[in-house]
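Undergrad: Chains as they are written, first to last, in my numbering: chain E, 824 to 1267; chain Z, 360 to 431.
Don't be surprised by glycine CBs; every beta carbon is placed ideally from N, CA and C.
Note that the structure is a prediction, hence the values are computed from the model and not measured.
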């Protein structure tokens, strides 16, 4: 008769078998995530599946750091852990310690990990960055000889400065062996000796750009003695090489703009400096000339003045000395006499002249006076005539007034001048009227 | 650059030239010094512009062995 076992015994037995299996205790399983449940306890329950079947999985809360991305149904992942038996359920499942994304996701994860590692090693540190020379004459390029990158670099360098020499290391930039090829290129150009190096390629998918995320490439860039400009893909693509490079250019074109200095600007800068120097020197020499001229004039004037002063002094002393000589004294006396004579005759002449002039003046004055008096008279006579004209009695008569007088011709001015019965004469313009006083009336 | 170059780089030359222009512009230096600076500056300018070989260059392909050939 065979032994009979309990369920518990069977499950425990099977669990023991699982535990003895080395493969099951440390296994990597690839599959697609389904039925993922984030439990409130922090445990994550999910299944891995492929065309052949399904495997239950659990990631305990204590292993949460083993999951570095937001896992969702449909993700292709690789889980590491151990397969064990859940005795109570009589089932086996994968106890997951770590989950990694496959494919693009895996690449991203690898990228993040390498970035973290290299960053911790200090390979991105600013202090290792070499300055990119402003005037590079020899430029190394590590890229594909058939890609867009070398065309862009070529165009820009021909436009900016066709005189710089570009050395291309034709590298394999994607696929198998790309990283090694790029590393060789960097080392070869570094050994050959260029002023600056552009390492990169045109745009592509993350897989296409992957070589620039390889540690070997990063290390080669880091160890390169020549300053390296990274130029991988488009502006939005950032690779490990970009972090390690001395300078990151967003595109190969931009890298060329940085590496190839503009010849026209170089020439014009040089020209400007030359002109500035010429101007400065001209200004300086002109100012010095001015100063020299000023001193020359000052000096000249100084000597001239002295000379003139000395000459004057000399003249003075000579004159003074000469004046004291006997002949000069005699001459002086003679001259004095002559002078006196001239002076005397001059005075006489002047006096006669004066008198004559005075007489002339008086006669002119007199003549003038007579005229004045005559004019005065004439004027006064004129005024008189005017006044007499106003006094003509006939004028009054013409105006309607009459002149009354008594028989003896006495003018009658008042009432008292006549008596009643007196005869009076009234003179009018054309004759006289004889009248008799009838009555008198005095104004009250 | 692998080897030590005793000559000034173009960038250093530019810096030196800028310094010279500034010095020439200042009233501190004597005329003799000015002439000397000017002469030196002109020489440096000639030297710097002469540093560029004015021959249009083709891209050279550098092989691992260090040999070069024209790129197209």
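1) How big is the Cα-Cα spacing for residue 1151 of chain E and residue 1120 of chain E?
2) Determine the closest residue to residue 953 of chain E out of E/1046, E/897, E/877, with distance taken between C-alpha atoms.
3) Is residue 955 of chain E buried or exposed, if buried means 16 or more other CB atoms sit within 10 Å of its CB?
4) Any C-beta of chain E sitting closer than 8 Å to the C-beta of residue 412 of chain Z?
5) Which two residues bound the contiguous alpha helix (DSSP H) that contains residue 379 of chain Z?
6) Counting only Cβ pairs nearer than 8 Å, list the residues of chain Z close to residue 988 of chain E.
7) Please check if any C-beta of chain Z sits within less than 8 Å of the C-beta of residue 1012 of chain E.
8) What does DSSP give as the partner residue(s) for residue 861 of chain E in the beta ladder?
9) Is residue 1234 of chain E helix, strand or coil by DSSP?
10) Run down chain Z in chain order and give the residues with a C-beta less than 7 Å from the C-beta of residue 1099 of chain E.
11) Figure out for me which residue from E/1017, E/961, E/1034 has the closest Cα to the Cα of residue 995 of chain E.
12) At what residues does the alpha helix (DSSP H) containing residue 400 of chain Z begin and finish?
13) Could you work out which residue in E/964, E/1027, E/981, E/1089 is closest to residue 1050 of chain E when comparing CA atoms only?
14) So, for residue 1018 of chain E: in the same chain, excluding its five sequence neighbours on each side, which residues have a beta-carbon less than 7 Å away from its beta-carbon?
15) Could you check whether residue 1224 of chain E and residue 1250 of chain E sit closer than 8 Å to each other, using their CB atoms as the reference points?
16) State buried or exposed for residue 1041 of chain E, treating a residue as buried only when at least 16 other CB atoms are found within 10 Å of its CB.
17) Between the region 995-1026 of chain E and chain Z, which residues of the former have a C-beta closer than 7 Å to a C-beta of the latter?
18) What is the residue span of the beta strand (DSSP E) that residue 1029 of chain E lies within?
19) Can the beta-carbon of residue 866 of chain E be found less than 8 Å from the beta-carbon of residue 882 of chain E?
20) Do you know whose CA, among Z/392, Z/378, Z/370, Z/371, lies nearest residue 1108 of chain E's CA?
21) If contact is defined by three or more beta carbon pairs under 8 Å, each pair taking one atom from either stretch, is the region 890-904 of chain E in contact with the region 924-941 of chain E?
22) Could you list which residues in chain E have their beta carbon closer than 7 Å to that of residue 400 of chain Z, in chain order?
23) With 16 as the cutoff for other CB atoms within 10 Å, does residue 1195 of chain E come out buried or exposed?
24) Using 8 Å as the limit for Cβ to Cβ distance, is residue 1111 of chain E near chain Z?
25) Please state whether the Cβ-Cβ distance between residue 1009 of chain E and residue 1044 of chain E is less than 8 Å.
26) What is the residue span of the beta strand (DSSP E) that residue 1054 of chain E lies within?
27) Does the distance from the CB of residue 1076 of chain E to the CB of residue 1065 of chain E come in under 8 Å?
28) Suppose contacts are defined by Cβ-Cβ distances below 8 Å. Is residue 937 of chain E in contact with residue 1029 of chain E by that definition?
29) Mind checking whether residue 905 of chain E and residue 854 of chain E have CB atoms under 8 Å apart?
30) With a CB to CB cut of under 6 Å and the five nearest residues on each side skipped, what residues in its chain are close to residue 1263 of chain E?
31) Determine the extent of the beta strand (DSSP E) in which residue 831 of chain E is found, giving its start and end residues.
32) Quick check on residue 907 of chain E: does DSSP put it in helix, strand or coil?
33) Determine the chain Z residues that contact residue 992 of chain E at a beta-carbon separation under 9 Å, and present them in chain order.
34) My assumption, with CB atoms under 8 Å, is that residue 1055 of chain E sits in contact with residue 1023 of chain E. Please give the rounded CB distance.
35) In the region 930-962 of chain E, which residues sit with their C-beta less than 8 Å from some C-beta in chain Z, listed in chain order?
36) With a threshold of 8 Å between beta-carbons, can residue 1103 of chain E be considered close to chain Z, or not?
TA: Answer, in terms of the structure:
1) 42 Å
2) E/1046
3) buried
4) yes
5) 369-384
6) 416, 419
7) yes
8) E/867
9) strand
10) 380
11) E/1034
12) 390-409
13) E/964
14) 956, 959, 960, 961, 962
15) no
16) buried
17) 1007, 1011, 1012, 1015, 1016, 1018
18) Here residue 1029 of chain E belongs to no beta strand (DSSP E), and DSSP marks it neither H nor E.
19) yes
20) Z/392
21) yes
22) 1100
23) exposed
24) yes
25) yes
26) 1051-1055
27) no
28) no
29) no
30) 1238
31) Here residue 831 of chain E belongs to no beta strand (DSSP E); instead the alpha helix (DSSP H) covers 830-843.
32) strand
33) 420, 421, 422, 423
34) 5 Å
35) 956, 957, 958, 960
36) yes
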